[in-house]
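Heads up: the structure comes next, in structure tokens.
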């Protein structure tokens with residue numbers, strides 16, 4: 117991708133801030149919209165245990181989202197500073213190290229959270245069928261945690277080098293895929309909670 121170096125060191129500072137802010141805002145809204153769509157479509161099943169199961173799973177999912185945001189923030193801070201100095205080689209080194217670190221830490225978190233999901237949901241107070249459904253949803257969604265971390269880090273990299281709209285549209289595409297697949301998997305195939313979880317997995321893969 118041919119991108120001009122030092123993208124943000126010329127022109128109107130206010131314009132740069134606005135362009136970064138509104139694209140980041142829409143990207144984060146699209147990211148959270150995936151979980152909201154899961155809840156919306158699953159609520160049409162009229163099963164209280166399904167909604168409760170998602171409610172118990174979400175704190176752990178949002179924890180992984182917070183980790184992803186932290187790693188992507190490091191990407192933006194380090195790469196953008198190197199770009200501002202005109203040091204593209206240094207920016208590449210930072211980007212590579214952060215992607216490797218993010219992939220490694222997310223893979224480890226995937227294993228730990230997948231294995232401990234039943235115990236963690238029990239600590240949160242889940243019991244009975246809500247516990248079973250929440251565990252199923254959480255374990256499936258956790259499979260794509262490395263994809264989530266790498267996609268958010270890659271999006272931060274794109275914003276740091278000036279391709280902010282590409283990052284935004286990638287996340288909007290992911291939310292769109294989830295909106296299309298949720299009703300198909302949940303109602304068409306009759307997969308219920310597992311269908312919503314797999315739709316989320318595929319939507320996050322789309323972001324990559």
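In the working numbering, the protein residues as written are 117 to 324.
Think of the CB as a built atom: it goes at the ideal place given N, C-alpha and C, for glycine as much as any other residue.
Presumed contact (8 Å Cβ cut-off) between residue i and residue j, rounded CB distance
{"i": "residue 78", "j": "residue 269", "result": "Limits of the chain in this structure are 117 at one end and 324 at the other, which puts residue 78 out of reach."}
{"i": "residue 237", "j": "residue 250", "result": "5 Å"}
{"i": "residue 264", "j": "residue 184", "result": "5 Å"}
{"i": "residue 152", "j": "residue 271", "result": "Rounded, the Cβ-Cβ distance is 19 Å, inconsistent with contact."}
Buried versus exposed, by CB contacts within 10 Å (16 or more), residue i
{"i": "residue 316", "result": "buried"}
{"i": "residue 287", "result": "buried"}
{"i": "residue 243", "result": "exposed"}
{"i": "residue 233", "result": "buried"}
{"i": "residue 311", "result": "buried"}
{"i": "residue 118", "result": "Because residue 118 sits at a pLDDT of 43, beneath the cut-off of 50, its placement in the model cannot be relied upon, and the point is left open."}
{"i": "residue 154", "result": "buried"}
{"i": "residue 128", "result": "exposed"}
{"i": "residue 137", "result": "exposed"}
{"i": "residue 210", "result": "buried"}
{"i": "residue 298", "result": "buried"}
Cβ-based neighbour list, residue i, same chain, cut-off 6 Å, excluding 5 preceding and 5 following
{"i": "residue 319", "result": "150, 290, 293 and 294"}
{"i": "residue 120", "result": "Confidence at residue 120 is low in this model, with a pLDDT of 47, below 50, so its placement is unreliable and no value can be given for it."}
{"i": "residue 186", "result": "none"}
{"i": "residue 229", "result": "258"}
{"i": "residue 207", "result": "195, 198 and 199"}
{"i": "residue 307", "result": "301"}
{"i": "residue 223", "result": "262"}
{"i": "residue 321", "result": "263"}
Beta-carbon proximity check, residue i vs residue j, cutoff 8 Å
{"i": "residue 266", "j": "residue 324", "result": "yes"}
{"i": "residue 313", "j": "residue 221", "result": "no"}
Proximal residues to residue i (C-beta, below 7 Å), its chain only, five neighbours per side dropped
{"i": "residue 240", "result": "172 and 175"}
{"i": "residue 246", "result": "165, 168, 169 and 172"}
{"i": "residue 309", "result": "158, 166, 169, 249, 252 and 253"}
{"i": "residue 218", "result": "187, 265, 266 and 269"}
{"i": "residue 281", "result": "139"}
{"i": "residue 135", "result": "280"}
Neighbour flag for residue i against chain C, beta carbons, 8 Å
{"i": "residue 189", "result": "Protein chain content of the structure displayed is limited to a single chain, and chain C is not contained in it."}
Close Cβ partners of residue i (< 8 Å) along its chain, the five nearest in sequence each way excluded
{"i": "residue 146", "result": "284, 287, 288, 290 and 291"}
Do the segment 192 to 202 and the segment 275 to 289 make contact, defined as three or more Cβ pairs closer than 8 Å?
Yes, they touch.
Check your understanding: Can at least three beta-carbon pairs, one atom from the segment 175 to 190 and one from the segment 211 to 228, be found at a separation below 8 Å?
Key -> Segments in contact, yes.
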